[in-house]
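The structure appears below as structure tokens.
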Amino acid sequence: MLYFQLVIMAGTVLLAYYFECTDTFQVHIQGFFCQDGNLMKPYPGTEDESFISPLVLYCVLASTPTAIIFIGEISMYFIKSTRETLIIQEKTILTGECCYLNPLLRRIIRFIGVFAFGLFATDIFVNAGQVVTGNLAPYFLTVCKPNYTGNDCRAHHEFINNGNICTGDVEVIEKARRSFPSKHAALSIYSALYATMYITSTIKTKSSRLAKPVLCLGTLCAAFLTGLNRVSEYRNHCSDVIAGFILGSAVALFLVSPSVFLHSF
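Note that our numbering has the sequence shown beginning at 826, numbered continuously upward.
Written out as structure tokens, the structure reads:
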């Protein structure tokens, strides 16, 4: 069973890699109106110039739940009453002829493994949605730079299906065609919800009555502000961010169930 799970995880990572780093999946070329005001916002610059750059986002997404899980599990393991409960729930299992996993290590691997799988799955769903829909970013016409004096854009209410009308930078235009759903919103809310549900489901000490809601609300607030930042910088439409929140929340709620936190895998 363990090897089967590793194969699934490897396949998920590989598919995410093909979406992110290759041109295997071509984005759909969606038409537009040359005078559409919703697509004429100023170009905000590359993603690296954003207030929340991809590097910062991915580092925080990966490190925050991982740190919470490590601290939470180690803290509970050194509390006598909690440790006894964990030992009852999590039997020490054999992994080969000579290697054993104690309850602490097993739980850490399980929680982080499920989190990583969900993170890659969310990334795949987002990329698939962007490729299939080809929705245009708020700054699309600014970087597309269509010829407004040409025959295609001469009529104000004519819908343009010709993808070759753009004269701007090809790479920037390609990025502007991948607006729906918002990847930042989906990944941030998934990470925040996973961490929040871990905290509320596993940490039961009385001393955490105030710390738990503060930590959970702070994590969710950070994810919400990440989505708002995408709208304020004209990188995504409001509907893109909402769809990203829904997608990330759905993946987190689907993966995180009582069986993940309370029973063995």
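Glycine included, C-beta positions come from ideal geometry on N, C-alpha and C.
Quantities reported herein were computed from a predicted structural model and do not represent experimental measurements.
{"Check": "Coarse secondary structure for Gly985, derived from DSSP in three states", "Outcome": "Here residue 985 turns out to be Ile, not Gly, going by the sequence shown. Of the three classes helix, strand and coil, the one that applies to Ile985 here is strand, per DSSP."}
{"Check": "Neighbour-count burial assignment, Arg1034, 16 or more Cβ in a 10 Å radius", "Outcome": "exposed"}
{"Check": "Identified DSSP bridge partners for Phe857", "Outcome": "Ile985"}
{"Check": "Which of helix, strand or coil DSSP assigns to Leu1072", "Outcome": "helix"}
{"Check": "Whole-number beta carbon distance between Phe965 and Leu864, since they are thought to touch under 8 Å", "Outcome": "4 Å"}
{"Check": "Cβ distance (whole Å) where Val897 is taken to contact Tyr1023 below 8 Å", "Outcome": "According to the sequence provided, residue 897 is Gly. The question's Val does not apply to it. That pair is a contact at about 7 Å."}
{"Check": "Own chain residues within Cβ distance below 7 Å of Val997, not counting five before or after", "Outcome": "Val968"}
{"Check": "Presumed contact (8 Å Cβ cut-off) between His1009 and Arg1055, rounded CB distance", "Outcome": "5 Å"}
{"Check": "Residue from Phe858, Gly836, Val995 and Glu845 with nearest C-alpha to Tyr973", "Outcome": "Phe858"}
{"Check": "Where Thr920 sits in the DSSP three-state scheme", "Outcome": "Because the pLDDT at Thr920 is just 49, under 50, the model does not fix this residue reliably, and the point stays unresolved."}
{"Check": "Euclidean distance between Cα positions of Gly1043 and Gly959", "Outcome": "33 Å"}
{"Check": "Outcome for Leu1078 when other beta-carbon atoms lying within 10 angstroms are tallied against a minimum of 16", "Outcome": "exposed"}
{"Check": "Phe895 (DSSP reduced to helix, strand or coil)", "Outcome": "helix"}
{"Check": "Backbone CA spacing between Val1076 and Asn987 [nearest angstrom]", "Outcome": "36 Å"}
{"Check": "Cα-Cα separation between Asn927 and Asn952, rounded to whole angstroms", "Outcome": "38 Å"}
{"Check": "Alpha helix (DSSP H) segment containing Ile877, residue limits", "Outcome": "Unbroken run through Ile877: none, as it is neither H nor E."}
{"Check": "Distance between beta carbons of Phe844 and Ile990, contact taken as under 8 Å", "Outcome": "Their Cβ separation, rounded to whole angstroms, is 27 Å, which puts Ile990 and Phe844 out of contact at 8 Å."}
{"Check": "Cβ-based burial, Ser888 [other Cβ within 10 Å; buried from 16]", "Outcome": "exposed"}
{"Check": "Backbone CA spacing between Ser875 and Ile904 [nearest angstrom]", "Outcome": "43 Å"}
{"Check": "Where the alpha helix (DSSP H) containing Thr1021 begins and where it ends", "Outcome": "Lys1008 to Thr1027"}
{"Check": "Within 9 Å, strictly: CB atoms of Val956 and His1062", "Outcome": "no"}
{"Check": "Contact belief for Tyr1015 with Leu944 at Cβ below 8 Å, rounded distance in angstroms", "Outcome": "7 Å"}
{"Check": "For Thr967, the three-state DSSP class (helix, strand or coil)", "Outcome": "helix"}
{"Check": "Enclosing alpha helix (DSSP H) for Gly938 [first to last residue]", "Outcome": "Pro928 to Thr958"}
{"Check": "Classification of Leu961 by the beta-carbon crowding that lies within 10 angstroms, buried from 16 upward", "Outcome": "buried"}
{"Check": "Ala835, buried or exposed, once every other Cβ within 10 Å from all chains shown has been counted against 16", "Outcome": "exposed"}
{"Check": "Cβ separation of Thr891 and Ile937, assumed to be a contact under 8 Å, to the nearest whole Å", "Outcome": "6 Å"}
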